[in-house]
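One structure below.
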Amino acid sequence: MDTLKVFHTTIRKETRGNGHTIDLTSELQAAVRESGIQNGTVTLFVIGSTAGLTTMEFEPGLVSDLQRAFEAIAPTGASYAHEARWGDDNGHAHVRASLLGPSLTIPVVQGQATLGTWQQVVLIDFDTRPRQRQVVIQMMGQ
Amino acid sequence: MDTLKVFHTTIRKETRGNGHTIDLTSELQAAVRESGIQNGTVTLFVIGSTAGLTTMEFEPGLVSDLQRAFEAIAPTGASYAHEARWGDDNGHAHVRASLLGPSLTIPVVQGQATLGTWQQVVLIDFDTRPRQRQVVIQMMGQ
Amino acid sequence: MDTLKVFHTTIRKETRGNGHTIDLTSELQAAVRESGIQNGTVTLFVIGSTAGLTTMEFEPGLVSDLQRAFEAIAPTGASYAHEARWGDDNGHAHVRASLLGPSLTIPVVQGQATLGTWQQVVLIDFDTRPRQRQVVIQMMGQ
Chain A
9 MDTLKVFHTT IRKETRGNGH TIDLTSELQA AVRESGIQNG TVTLFVIGST AGLTTMEFEP
69 GLVSDLQRAF EAIAPTGASY AHEARWGDDN GHAHVRASLL GPSLTIPVVQ GQATLGTWQQ
129 VVLIDFDTRP RQRQVVIQMM GQ
Chain B
9 MDTLKVFHTT IRKETRGNGH TIDLTSELQA AVRESGIQNG TVTLFVIGST AGLTTMEFEP
69 GLVSDLQRAF EAIAPTGASY AHEARWGDDN GHAHVRASLL GPSLTIPVVQ GQATLGTWQQ
129 VVLIDFDTRP RQRQVVIQMM GQ
Chain C
9 MDTLKVFHTT IRKETRGNGH TIDLTSELQA AVRESGIQNG TVTLFVIGST AGLTTMEFEP
69 GLVSDLQRAF EAIAPTGASY AHEARWGDDN GHAHVRASLL GPSLTIPVVQ GQATLGTWQQ
129 VVLIDFDTRP RQRQVVIQMM GQ
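Chains as they are written, first to last, in our numbering: chain A, 9 to 150; chain B, 9 to 150; chain C, 9 to 150.
This is the structure:
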């Protein structure tokens, strides 16, 4: 039973697109530490419709394995109505981003996001060109 | 450091089922505005096991591209144990909904959900018939 | 306008791995009840990188239908860079877990998580061996 603390910050990343996968864990845990929140939640949200967030064991083998699964679900070379309509080349990027989802919420307990040792928070940029991405971090609790 | 505000509302939608995709963004932003919450989070949750929520650039090309990806992952005409057991015809709808997920949480900063310009919140109804859907909106913050 | 309540608990489950799907709904609703929170949110988060959370109508037909979809997306017998690099056999488990996601947030209204009647919260363990899993439950509200 305490008053509410709410703090937000934005992590900015230059990506290479094309499935570039970036580990946000240390910046996330630093933001939680700086907030002083001991118990609550942290929500991450990537702005835009061609990138997504998830957790994974962040090692190069799994980064490429996950890309291969996305290639099976929404192939790069397939025909997309989005591309026919707008002259774009990133239909697969939009589909992959919508399937993965833009947000994650993680409990904060004893001042830390409750990730496993081999579980990192990652941003995946599916777009077909380098992008500047913003991931909004919203921390709430006491 | 302020007292907590919690407000909920429910968005009700008549859908056509069969992948009907509905943009909830303007109703979501209106609910956030009416709550008066300046900093916090908004959680959306669709009740039921044959619909899901995500974000996308809401344009007809991508709506059909996303449906095509779901058709590849869980085809309409395939054989489902759910259908064999219960005499239903919507096994693919259940599988798609579980893969997409029922919930989204978005930061609220300066009185607005932090969506991108080309990023809309959508409800996708995978069921095989028209449905009345309820999306619960829960806003928390200060 | 009230002071904030934050309560967390951890649900521990022994799983058989290999897609073992466990209904957490009654433990979740009991935790929400015990918290005394009437309006707010409950966040579930599974620790680890080879398990995920979603909602579904929990019946054996759909449990197997969902596994079949995951088998199509990330087949058990395929070649994974993760396995080549680390001598592991669970590349498919990692890929499936990252696609499904580790977290869910559900509104709490009138002291209950707003699930549908045929909508259960499930833990799916994709790993290739029995595991002891921890699902952190974080409840916030008033």
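Backbone N, C-alpha and C fix where the C-beta goes; we use that ideal spot for every residue, glycine too.
CA-to-CA distance, residue j to residue i, given in whole angstroms
| i | j | result |
| --- | --- | --- |
| residue 34 of chain C | residue 89 of chain A | 43 Å |
| residue 113 of chain C | residue 82 of chain C | 26 Å |
| residue 52 of chain C | residue 131 of chain A | 20 Å |
| residue 85 of chain C | residue 19 of chain A | 38 Å |
| residue 17 of chain A | residue 145 of chain A | 5 Å |
| residue 27 of chain C | residue 11 of chain B | 43 Å |
| residue 21 of chain A | residue 48 of chain A | 26 Å |
| residue 139 of chain C | residue 39 of chain C | 23 Å |
| residue 65 of chain B | residue 54 of chain A | 14 Å |
| residue 120 of chain B | residue 108 of chain B | 24 Å |
| residue 97 of chain A | residue 87 of chain A | 10 Å |
| residue 172 of chain B | residue 129 of chain A | Beyond the ends of chain B as shown, which are 9 and 150, falls residue 172 of chain B; an answer cannot be given. |
| residue 75 of chain B | residue 123 of chain A | 33 Å |
| residue 30 of chain B | residue 127 of chain C | 21 Å |
| residue 143 of chain C | residue 50 of chain C | 12 Å |
Chain C residues whose Cβ lies nearer than 8 Å to that of residue i
| i | result |
| --- | --- |
| residue 55 of chain B | 122, 123, 124, 127 |
| residue 32 of chain A | The contacting residues do not exist; residue 32 of chain A stays about 14 Å from chain C at best. |
| residue 11 of chain A | 11, 12 |
| residue 43 of chain B | Residues of chain C passing the Cβ test: none, with the nearest at roughly 12 Å. |
| residue 89 of chain B | 68, 69, 70, 72, 73 |
Residue interval of the alpha helix (DSSP H) (run including residue i)
| i | result |
| --- | --- |
| residue 99 of chain B | 99-108 |
| residue 175 of chain A | No answer is possible for residue 175 of chain A: it lies beyond the span of chain A, which begins at 9 and ends at 150. |
| residue 34 of chain C | 33-43 |
| residue 89 of chain A | 89-94 |
Any non-hydrogen atom of the ligand ZN closer than 8 Å to residue i Cβ
| i | result |
| --- | --- |
| residue 109 of chain B | Of ligands this structure carries none, so the ligand ZN is not represented either. |
Under 8 Å by beta carbon: chain A residues contacting residue i
| i | result |
| --- | --- |
| residue 93 of chain C | 67, 68, 69 |
| residue 109 of chain B | 109 |
| residue 130 of chain C | Here the premise fails: no neighbours, minimum Cβ distance about 17 Å. |
| residue 62 of chain B | 106, 107, 109, 110 |
CB-CB length for residue i against residue j, believed under 8 Å
| i | j | result |
| --- | --- | --- |
| residue 56 of chain B | residue 141 of chain B | 7 Å |
| residue 61 of chain A | residue 110 of chain A | 6 Å |
| residue 134 of chain C | residue 101 of chain C | 4 Å |
| residue 14 of chain B | residue 37 of chain C | Actually they are not in contact, since the Cβ atoms of residue 14 of chain B and residue 37 of chain C sit about 19 Å apart, beyond 8 Å. |
| residue 125 of chain C | residue 106 of chain B | Not a contact, Cβ separation roughly 16 Å. |
| residue 103 of chain C | residue 59 of chain A | Not a contact, Cβ separation roughly 18 Å. |
| residue 148 of chain A | residue 148 of chain B | 7 Å |
| residue 73 of chain A | residue 99 of chain C | 5 Å |
Residue i: contacting residues in chain A (beta-carbon distance under 9 Å)
| i | result |
| --- | --- |
| residue 80 of chain B | 80, 81, 82 |
| residue 146 of chain C | 47, 48, 49, 113, 114, 115, 116, 117, 122, 149 |
Per-residue contacts from residue i into chain B (C-beta, under 7 Å)
| i | result |
| --- | --- |
| residue 14 of chain A | 47, 48, 149, 150 |
| residue 143 of chain A | Correct list: empty, because the minimum Cβ distance to chain B is about 10 Å. |
Partners in chain C for residue i, counting only beta-carbon separations shorter than 9 Å
| i | result |
| --- | --- |
| residue 99 of chain B | 69, 70, 73 |
First through last residue of the beta strand (DSSP E) which encompasses residue i
| i | result |
| --- | --- |
| residue 68 of chain B | No beta strand (DSSP E) holds residue 68 of chain B; the alpha helix (DSSP H) holding it covers 68-81. |
| residue 22 of chain C | 13-23 |
| residue 211 of chain B | Since the first and last residues shown for chain B are 9 and 150, residue 211 of chain B lies out of range. |
| residue 128 of chain A | 128-133 |
| residue 111 of chain A | 111-117 |
| residue 60 of chain B | 59-64 |
Contacts that residue i makes with chain B (C-beta to C-beta distance below 8 Å)
| i | result |
| --- | --- |
| residue 77 of chain C | 81, 82, 103, 107 |
contact_flag[the segment 33-49 of chain C, the segment 115-127 of chain C] where n(CB pairs < 8 Å) is 3 or more: yes
Do three or more CB pairs link the segment 91-98 of chain B to the segment 60-69 of chain C at distances below 8 Å? yes
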